[in-house]
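Peer 1: Have a look at the structure that comes next, please.
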Amino acid sequence: MKRLDYIASLLKGYDIALDIGSDHGYVLKKALDLGYINKGIASEIAPGPLENAKTNLKNYPVTFYLSDGFDKINEKFDIAIISGMGVYTIIDILNRAPKCEYILQPNDKHEVLRKYLMENGYIITEEHITFDKFYYIIIKVKPGNENLSEEDIFLGPKLRLNKNAKDYYKLKYDQLSKILLVCDNETKKNITKQINYLKKEI
Ligand SMILES: C[S@@+](CC[C@H](N)C(=O)[O-])C[C@H]1O[C@@H](n2cnc3c(N)ncnc32)[C@H](O)[C@@H]1O
């Protein structure tokens, strides 16, 4: 399934969804068109994308904010989405965000986000994978505490239970095996550990 359609499908059953970094507004549009949610809130740091969202969502029950993350948001919502960004941008937004349910889709370094979530009072409730030219992992979280092993942080505590992740793990295994041939000794130790985690899943 297409990445943005998949994210929209995870909004089913929520009343109000807030999309941080909404860009074109596609996720809210899809979720509203399909009746998954009743109202949307779009937050964008950049004026151009916010204007695009306003055009695409004209006459939809959506409110728009030019805002850095949650800074200007003073409305109630039931779930927030932060997707399609680098992991450090997502963490920067979460550092200044309320504790609530989130749908998170970092473009890279999922293990960095999982460790952050564990250390900052979130439980990973679902992990999904979809292929849309590349593999994308979507992580759903809620406030709470959990302890994850290093292996779980790397593989994903829920993703490793998902049979659709096997091909993704295999691809990662192949990529890391190639890197292992050319990296320095310090990196080698870490990559060997990761390859061993992946080996058990494929
Ligand atoms: C690559 S786009 C991803 C758009 C969409 N969320 C998706 O998944 O396709 C990232 C968007 O996030 C916006 N953005 C980046 N940092 C932000 C922040 N701190 N607060 C609000 N929006 C932000 C950018 O302006 C850009 O439109």
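Each residue of the sequence shown is one higher than the one before, starting from 10 at the first, in the working numbering.
Where is the CB? At the ideal position from N, CA and C, for every residue including glycine.
Please read all numbers here as calculations on a predicted model, not as lab measurements.
#1: Give a single yes or no on whether residue 18 has its beta carbon closer than 7 angstroms to a heavy atom of ligand 1.
#2: Ignore the nearest five residues each way along the sequence and tell me which others in residue 120's own chain have a CB closer than 7 angstroms to its CB.
#3: Within the segment 13-59, note down every full beta strand (DSSP E) run reaching 3 residues or more, in order along the chain.
#4: With respect to 7 angstroms, is the separation between the Cβ of residue 42 and the closest non-hydrogen atom of ligand 1 below this value?
#5: Hey, quick one: how far does the alpha helix (DSSP H) through residue 69 stretch, first residue to last?
#6: Hey, is the segment 37-44 in contact with the segment 93-111, meaning 3+ C-beta pairs nearer than 8 angstroms?
#7: Kindly indicate which residue of 31, 76, 45 and 175 has the alpha-carbon position closest to the one of residue 58.
#8: Which residue from 17, 51, 76 and 128 puts its Cα closest to that of residue 66?
#9: Determine the contact status of residue 115 and residue 131, defining contact as a CB-CB distance below 8 angstroms.
#10: Just checking residue 32 against ligand 1 - is the residue's beta carbon closer than 7 angstroms to any of the ligand's heavy atoms?
#11: Using the Cα positions of residue 28 and residue 82, report the straight-line distance between them to the nearest angstrom.
#12: So, using beta-carbon positions, are residue 133 and residue 173 closer together than 8 angstroms?
#13: Grab the span of the beta strand (DSSP E) containing residue 150 for me, first residue to last.
#14: What residues match up with residue 138 in a beta bridge as DSSP calls it?
#15: In the DSSP output, what is residue 89 paired with across the bridge?
#16: Is it the case that the CB of residue 103 approaches a heavy atom of ligand 2 more closely than 7 angstroms?
#17: Could you say which of 55, 17 and 60 lies nearest to residue 44 if we only look at CA atoms?
Peer 2: Well, looking at it:
#1: no
#2: 162 and 163
#3: Listed in chain order, they are 25-29 and 48-53.
#4: The nearest non-hydrogen atom of ligand 1 is 7 angstroms or more from the C-beta of residue 42.
#5: Run containing residue 69: none; DSSP gives neither H nor E here.
#6: no
#7: Out of 31, 76, 45 and 175, 31 has the C-alpha closest to the C-alpha of residue 58.
#8: Among 17, 51, 76 and 128, the Cα nearest to that of residue 66 is on 51.
#9: Contact flag unset, no.
#10: yes
#11: 11 angstroms
#12: no
#13: Note, residue 150: beta strand (DSSP E), 143-152.
#14: 146
#15: 27 and 111
#16: As far as ligands go, the structure on display features ligand 1 and does not contain ligand 2.
#17: 17
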